[in-house]
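Peer 1:
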Amino acid sequence: MSHMIQVNSLVKKFDNFHAVNLISFDVEAGKIFGFLGPNGAGKTTTIKMLTTTLLPTSGSILLDGSDPVKSPLQTRRSFGIVFQDPSLDGELTAYENMELHAVLYGVSRNQRKGRIEEFLKFVELWDRRASFAKTFSGGMKRRLEIARALLHSPRILFLDEPTLGLDPQTRNHIWNYIQSLVRERKMTVFFTTHYMDEADRVADEIAVIDHGKIAARGTPASLKEQTKTASLEEAFIALTGRAIREEESSTKDRMRMMGKMWGRS
Amino acid sequence: MSIVYILWLRQIKRYVRSRARIIGSLAQPLLFLFGMGFGFGPTYEKAGNGSYIQFLAPGIIAMAVLFSAMFSGIEILWDRQFGFLKETLVAPVPRIQIVFGRTLGGASVAMIQGMIVFLFCLLAGFRIENLSHLPLAVLFIFLIAMLFTAIGTVIGSLVEDMQAFPLIMNFLVMPLFFFSGALFPDKGLSNVLHMAMRLNPLTYGVDGLRGGLTDHFIFGPSIDVSFLGVVTVILLFVGSYFFSKIQV
Numbered sequence: 091m092s093h094m095i096q097v098n099s100l101v102k103k104f105d106n107f108h109a110v111n112l113i114s115f116d117v118e119a120g121k122i123f124g125f126l127g128p129n130g131a132g133k134t135t136t137i138k139m140l141t142t143t144l145l146p147t148s149g150s151i152l153l154d155g156s157d158p159v160k161s162p163l164q165t166r167r168s169f170g171i172v173f174q175d176p177s178l179d180g181e182l183t184a185y186e187n188m189e190l191h192a193v194l195y196g197v198s199r200n201q202r203k204g205r206i207e208e209f210l211k212f213v214e215l216w217d218r219r220a221s222f223a224k225t226f227s228g229g230m231k232r233r234l235e236i237a238r239a240l241l242h243s244p245r246i247l248f249l250d251e252p253t254l255g256l257d258p259q260t261r262n263h264i265w266n267y268i269q270s271l272v273r274e275r276k277m278t279v280f281f282t283t284h285y286m287d288e289a290d291r292v293a294d295e296i297a298v299i300d301h302g303k304i305a306a307r308g309t310p311a312s313l314k315e316q317t318k319t320a321s322l323e324e325a326f327i328a329l330t331g332r333a334i335r336e337e338e339s340s341t342k343d344r345m346r347m348m349g350k351m352w353g354r355s
Numbered sequence: 097m098s099i100v101y102i103l104w105l106r107q108i109k110r111y112v113r114s115r116a117r118i119i120g121s122l123a124q125p126l127l128f129l130f131g132m133g134f135g136f137g138p139t140y141e142k143a144g145n146g147s148y149i150q151f152l153a154p155g156i157i158a159m160a161v162l163f164s165a166m167f168s169g170i171e172i173l174w175d176r177q178f179g180f181l182k183e184t185l186v187a188p189v190p191r192i193q194i195v196f197g198r199t200l201g202g203a204s205v206a207m208i209q210g211m212i213v214f215l216f217c218l219l220a221g222f223r224i225e226n227l228s229h230l231p232l233a234v235l236f237i238f239l240i241a242m243l244f245t246a247i248g249t250v251i252g253s254l255v256e257d258m259q260a261f262p263l264i265m266n267f268l269v270m271p272l273f274f275f276s277g278a279l280f281p282d283k284g285l286s287n288v289l290h291m292a293m294r295l296n297p298l299t300y301g302v303d304g305l306r307g308g309l310t311d312h313f314i315f316g317p318s319i320d321v322s323f324l325g326v327v328t329v330i331l332l333f334v335g336s337y338f339f340s341k342i343q344v
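Chains as they are written, first to last, in our numbering: chain A, 91 to 355; chain B, 97 to 344.
See the structure below:
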């Protein structure tokens with residue numbers, strides 16, 4: 091089996107704080123990989139480094155054979171991403187959002203229309219294609235973002251808490267789309283979530299990250315076995331403890347503080 | 097090229113869809129046109145300098161373009177706020193193309209604003225001296241728009257604070273406007289003021305625009321075009337450097 095994502099001794103330091111501290115893992119092609127951890131454990135920092143928006147302090151990453159640090163443009167073609175926060179242009183229609191993405195990712199003109207239609211239909215938004223994205227509900231926005239992330243046929247799909255704040259119906263729906271993608275298109279999915287039941291149901295493999303380190307790895311079943319617990323939620327708590335995390339201000343806030351106003355580094 | 101086009105188109109669409117923005121940003125130049133024009137007009141004419149509206153109108157057009165262009169940088173902050181910026185940052189596209197597309201979009205919007213103010217100037221009694229020089233005037237409207245949108249992009253990439261951006265902009269825009277020859281001729285000014293005006297890129301834009309519309313140049317079109325062109329190209333590269341440093 092080939093490895094679609096390879097991470098080796100990855101480190102990200104902010105001042106004296108190690109947000110990600112020497113982590114290594116691989117994800118096989120065609121797998122759904124769950125990356126779990128409490129708030130502030132380093133999940134989003136890791137995704138940012140994998141997806142070229144944050145430079146690692148040290149360590150190496152390969153996504154479908156390309157290095158996000160050395161060849162960011164090439165790496166960016168290999169993945170699609172649904173961010174934790176919305177990233178649509180609300181003043182554009184659903185169709186226009188898709189079209190803009192298609193052009194940015196170099197989808198050829200004669201393929202563009204067909205693909206936009208295909209993926210808007212896939213997430214059941216084709217009838218709403220002419221509506222402004224700002225008029226969409228949270229779940230519809232998420233679906234549109236998923237459709238958009240698939241437009242350039244990436245081999246890897248990153249989903250940063252794709253079901254955050256959505257009702258159970260929509261969550262089920264979204265995971266059904268994603269599972270059918272993996273089945274039909276042999277895509278590799280890397281996702282984070284706080285919903286342990288979801289992770290238990292959909293993930294082929296899970297890594298638990300805590301304090302910037304990988305605390306455990308394995309299938310959902312093996313994690314439960316390792317911790318002698320009945321559910322993934324209990325396994326997760328057994329691995330990461332019961333204490334509520336005082337998120338030492340998120341990495342985003344840290345970066346904001348560091349780069350305040352003019353002196354961004 | 098299609099990337100530059102689609103980013104340009106996005107900004108045009110956003111502009112056309114926001115009627116409040118179109119009307120709101122016309123208010124200030126028009127206030128200056130009518131307030132200054134009719135207020136100072138008689139004094140200016142008594143001093144024997146000819147018609148003030150003939151002198152002032154190109155300056156007001158430049159002002160409308162300057163304001164709209166500089167403030168277009170705030171769209172980067174909005175895009176950051178609403179998350180769309182991430183979408184462009186992970187796109188497999190060289191940053192210079194993104195910055196060029198955005199700048200062209202912001203500049204086109206500023207040009208449209210300038211053209212609308214131009215029409216109002218004609219209504220207020222402004223007359224073009226030589227119609228064959230009109231394309232030259234339009235070229236200068238474009239150059240002013242590009243240069244100051246590029247500055248807006250640089251500042252928009254550097255500043256993250258929504259509240260600070262307009263303050264910084266006003267701090268820059270007002271002196272640029274006052275010391276550009278838009279409002280008063282550069283004859284008989286103190287040396288310091290004279291120097292400040294020579295260093296201000298808008299002075300060359302106003303000179304070119306006024307020259308194109310009324311045939312009165314200080315520097316001449318070739319100096320004006322070269323100065324504005326060179327500064328704009330430098331700013332585009334500076335802008336794409338800072339844009340590439342944005343982290344969200």
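The C-beta atom is built at its ideal place from N, Cα and C for all residues, glycine as well.
All of these numbers come straight from a predicted model, not from anything done at the bench.
#1: Can you name the start and end residues of the alpha helix (DSSP H) that A/E181 belongs to?
#2: In angstroms, rounded to a whole number, what distance separates the CA positions of A/Q174 and A/L256?
#3: Measure how close the beta-carbons of B/G248 and B/S168 come, nearest whole angstrom, since I'm counting them as under 8 Å.
#4: Between A/I171 and chain B, is the shortest Cβ-Cβ distance under 8 Å, so that the two count as touching?
#5: Report the three-state DSSP secondary structure of A/A306 (helix, strand or coil).
#6: For A/G130, which of helix, strand or coil comes out of DSSP?
#7: Could you tell me how far apart the beta carbons of A/G196 and A/K224 are, in whole angstroms, since I believe they sit closer than 8 Å?
#8: Can you tell me the Cβ-Cβ gap for A/I171 and A/V272, rounded? I've got them flagged as a contact below 8 Å.
#9: Which residues in chain B sit within 8 Å of A/P158, going by Cβ to Cβ distance?
#10: With DSSP as the reference, label A/T48 as helix, strand or coil.
#11: Ends of the beta strand (DSSP E) at A/L249?
#12: Do we get a CB-CB distance below 8 Å when we pair B/V186 with the residues of chain E?
#13: Tell me which residues share the same chain as A/L112 and place their Cβ nearer than 6 Å to its Cβ, disregarding the 5 neighbours each side in the sequence.
#14: Any C-beta of chain B sitting closer than 8 Å to the C-beta of A/S177?
#15: Across the stretch 173 to 192 of chain B and the stretch 142 to 160 of chain A, are there enough close Cβ pairs to call them in contact, namely three or more that are closer than 8 Å?
#16: What are the residues that DSSP puts in a beta bridge with B/N287?
#17: Just to make sure I have the definition right: I need the residues of chain B whose C-beta is within less than 7 Å of the C-beta of A/R166. Which are they?
#18: Just to confirm, are A/L182 and A/L194 a CB contact at a threshold of 8 Å?
#19: Using a Cβ-Cβ cutoff of 7 Å, what residues of the stretch 127 to 142 of chain A are near chain B? List them in chain order.
#20: Would you say B/Q193 and B/I99 are within 8 Å of each other, going by their C-beta atoms?
#21: Would you say B/P190 and B/I156 are within 8 Å of each other, going by their C-beta atoms?
#22: I want to know whether the stretch 216 to 230 of chain B touches the stretch 307 to 317 of chain B - three or more CB-CB distances under 8 Å.
#23: If you run the structure through DSSP and keep just helix, strand and coil, what is A/T282?
#24: From B/A220, B/L162, B/G133 and B/G144, pick the residue whose C-alpha is nearest to that of B/F236; which is it?
#25: If you measure from the beta carbon of A/V84 to each beta carbon in chain B, is any gap under 8 Å?
#26: Is the CB-CB distance between B/R198 and B/Q107 below 8 Å?
#27: If I measure Cβ to Cβ from A/E235 and keep anything under 6 Å in the same chain, skipping five residues before and after, which residues do I get?
#28: Going along chain B in order, which residues have a C-beta closer than 9 Å to the C-beta of A/G180?
#29: Can you pull the DSSP bridge partners for A/D300?
#30: With H, G and I counted as helix, E and B as strand and the rest as coil, what does DSSP make of B/S168?
#31: Could you pull out every residue in the same chain whose Cβ sits closer than 6 Å to the Cβ of B/V112, ignoring the five residues on either side in sequence?
#32: Let me see if you follow: with CB-CB separation under 8 Å, is A/L210 close to chain B or not?
#33: Pick helix, strand or coil for A/M94, following the three-state DSSP scheme.
#34: Return the chain-ordered list of same chain residues with a C-beta closer than 6 Å to the C-beta of B/D320, the five sequence neighbours on each side being excluded.
#35: Rounded to whole angstroms, what is the Cα-Cα separation between B/V326 and B/L122?
#36: With a 10 Å radius around its C-beta and 16 neighbouring C-beta atoms as the bar for buried, classify B/A241 as buried or exposed.
Peer 2: If we stick to the structure as given:
#1: Counting along the chain, A/E181 falls outside any alpha helix (DSSP H), and DSSP gives it neither H nor E.
#2: Linking A/Q174 to A/L256 through their CA atoms gives a straight-line distance of about 12 Å.
#3: Correct: roughly 5 Å between the Cβ atoms.
#4: At a cut-off of 8 Å between beta carbons, A/I171 contacts chain B.
#5: Strand, per DSSP.
#6: In the structure shown, A/G130 adopts coil according to DSSP, grouped into three states.
#7: The pair is not a contact, with the Cβ atoms about 27 Å apart (cut-off 8 Å).
#8: Between A/I171 and A/V272, the beta carbon gap of about 16 Å keeps them out of contact (Cβ cut-off 8 Å).
#9: Chain B residues near A/P158: none, gap ~10 Å exceeds 8 Å.
#10: Since the first residue of chain A shown is 91 and the last is 355, residue 48 of chain A is not available in this structure.
#11: First-last of the beta strand (DSSP E) with A/L249: I246 to D250.
#12: The structure shown contains no chain E; its protein chains are A and B.
#13: Excluding sequence positions up to five before and after A/L112, its CB lies within less than 6 Å of the CB of S99 and V101, all in the same chain and listed in chain order.
#14: Taking CB atoms only, A/S177 has a neighbour in chain B less than 8 Å away.
#15: Below 8 Å, enough C-beta pairs join the stretch 173 to 192 of chain B and the stretch 142 to 160 of chain A to call them touching: three or more.
#16: Per DSSP, B/N287 has no beta-bridge partner at all.
#17: Simply V186, A187 and P188.
#18: Taking a C-beta distance under 8 Å as the contact criterion, A/L182 and A/L194 do not qualify as a contact pair.
#19: Taking 7 Å as the Cβ-Cβ cut-off against chain B, the residues of the stretch 127 to 142 of chain A that qualify are T141 and T142.
#20: Between B/Q193 and B/I99, the C-beta spacing is below 8 Å.
#21: Between B/P190 and B/I156, the C-beta spacing is not below 8 Å.
#22: At 8 Å Cβ cutoff, the stretches touch.
#23: Here A/T282 carries a strand assignment [DSSP, helix/strand/coil].
#24: Nearest C-alpha to B/F236: B/L162.
#25: Nothing can be reported for residue 84 of chain A: it is not among the residues displayed for chain A, which extend from 91 to 355.
#26: Cβ distance < 8 Å, so B/R198 and B/Q107 count as in contact.
#27: Result list for A/E235: V172, in chain order.
#28: The answer, in chain order, is F178 and F180.
#29: By DSSP's assignment, A/D300 forms a beta bridge with A/K303.
#30: Secondary structure of B/S168 (DSSP, three-state): coil.
#31: Result list for B/V112: empty, nothing under 6 Å.
#32: It does not: the Cβ of A/L210 has no partner Cβ on chain B nearer than 8 Å.
#33: The answer is strand: DSSP assigns A/M94 an E or B state.
#34: Sequence-distant Cβ neighbours of B/D320 in its own chain, meaning closer than 6 Å and more than five residues away, are Y300, D303 and G304.
#35: Rounded to the nearest angstrom, the gap between the Cα atoms of B/V326 and B/L122 is 29 Å.
#36: The C-beta of B/A241 has 16 or more other C-beta atoms within 10 Å across all chains shown, which makes the residue buried.
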